[in-house]
Amino acid sequence: MSPFERIGAFLQRTGAALQGPRKKEFVPEGFTPIGEYVPEDIFVVGFPKSGNTWFQNLVAGVVFGVDVNLSPAGLIHDLTPDVNYGKFYKRYATPMFFKSHDLPLPDYHRVVYLLRDGRDAMVSYRHYREVIDGQKIDLLEFVNKATPLYPCHWSEHVDAWAKNPYGADMIVIKYEDLLRDPVAELRRFCAFAGVSRDDSRLQTVAEASSFGKLREKEAKQGFGRDDHAFDRPFFFRRGEAGSYKDEMPPEALRIFMDQARSTLGRYGYLDGADQAALR
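Under this note's numbering, the first residue of the sequence shown is numbered 2, with each subsequent residue one higher.
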């Protein structure tokens, strides 16, 4: 399948996810259709490139005791399914933990919302799209919405979940806090999920799931999904906070700030001068 066919299939799948329930079809024995959940299930949700896949690996390590460096990449996806990919999942436990980029949905009763500085997320998302599209994408056009974004613009995604229209039980974990003190953030996650793990275990999982380790694993194994079969690693890239400062051109930054300044300020992502502009 060519890169262009892959992105077409990707958009078709994700578009279907936004449009509502899929058509009834054959379900393999022992599997459950994506879209059928129980209230106890927990959804790890974030705008693309906000740490969703990183946290997917952390969940596999914390909850299921998986050594993510030794386990096949496909196992991580089986244990923590991506609702925007595939049609079925196997329920290994209750609650199950799902990865999602969706806007609020009534079936998402318990949510871990991953929040990342939108400027970093957009730079990383553009890089991701370049690889799967197989062509260069101008960051200025990307930020200026000339390129369709799934599922919406960064600030729209963050603001929609901040409103929490269906009253989900929800915690917010900031990407930057997860980088700075992963054990503290995993401790918060465990308290929310009802999982008991000591700090030494959380530290072990955090070290095994560092960006450097995950990049090495991706280089050796690939991403573990047939729609992400590329010749070079791309999913786990820099994994830094503030990378937009040397990757986002001034004009693209200006446009993004015009779009998202209030949302960035609400979550502490602005420096003094930018914050003053909100007053």
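Every residue gets a Cβ at the ideal spot worked out from N, C-alpha and C, and that includes glycine. In this text, all values refer to a predicted model and were calculated from it rather than measured experimentally.
Quick one: Cα of residue i to Cα of residue j, how far?
| i | j | result |
| --- | --- | --- |
| VAL64 | LEU180 | 19 angstroms |
| LEU141 | TRP55 | 27 angstroms |
| LYS1 | ASP259 | For the chain, the structure presents residues 2 to 280; residue 1 sits outside this window and is missing. |
| PHE48 | ARG189 | 20 angstroms |
| ALA253 | GLU131 | 17 angstroms |
| PRO107 | GLY168 | 8 angstroms |
| MET249 | LEU271 | 16 angstroms |
| LYS50 | THR95 | 27 angstroms |
| VAL69 | ASP139 | 34 angstroms |
| ASP79 | VAL144 | 33 angstroms |
| GLN204 | ARG120 | 29 angstroms |
| PRO73 | THR264 | 38 angstroms |
| TRP162 | ALA194 | 19 angstroms |
Just to confirm, is the Cβ distance from residue i to residue j under 7 angstroms?
| i | j | result |
| --- | --- | --- |
| GLU177 | ALA242 | yes |
| PRO105 | PRO40 | no |
| VAL113 | THR81 | no |
| VAL184 | ASP200 | yes |
| THR33 | TYR90 | yes |
| SER156 | ASN58 | no |
Residue i lies in the alpha helix (DSSP H); which residues open and close that run?
| i | result |
| --- | --- |
| ARG92 | That residue, ARG92, is in no alpha helix (DSSP H); it is neither H nor E in DSSP. |
| ILE133 | 119-134 |
| PHE190 | 183-194 |
| VAL64 | 53-65 |
| LEU106 | Where LEU106 is concerned, there is no enclosing alpha helix (DSSP H), given that its DSSP letter is neither H nor E. |
Quick one: what does DSSP say residue i is sitting in, helix, strand or coil?
| i | result |
| --- | --- |
| PHE27 | coil |
| MET249 | coil |
| LEU271 | coil |
| GLY266 | helix |
| VAL46 | strand |
| ASP83 | strand |
Ordered along the chain, which non-local residues of its own chain (more than five positions away) have a Cβ less than 8 angstroms from that of residue i?
| i | result |
| --- | --- |
| GLU208 | LYS214 |
| VAL124 | LEU140, SER244, TYR245, GLU248, MET249 |
In the DSSP assignment, the beta strand (DSSP E) including residue i goes from what residue to what residue?
| i | result |
| --- | --- |
| LYS100 | 98-101 |
| TYR114 | 111-116 |
| ILE138 | Note, ILE138: premise wrong, no beta strand (DSSP E); not H, not E. |
| LYS175 | 170-175 |
Can you confirm whether residue i, when its beta carbon is compared against all beta carbons of chain D, has any partner nearer than 7 angstroms?
| i | result |
| --- | --- |
| TYR245 | Given the protein chain composition of this structure (a single chain), no chain D is represented. |
Using C-beta distances below 7 angstroms, list every residue in its chain close to residue i, excluding the 5 sequence neighbours before and after it, in chain order.
| i | result |
| --- | --- |
| VAL196 | VAL63, VAL64 |
| PRO149 | none |
Using a Cβ-Cβ cutoff of less than 6 angstroms, which residues in the same chain neighbour residue i once the five nearest sequence positions on both sides are dropped?
| i | result |
| --- | --- |
| ASP170 | ARG111 |
| PHE99 | PHE44, PRO82, VAL84 |
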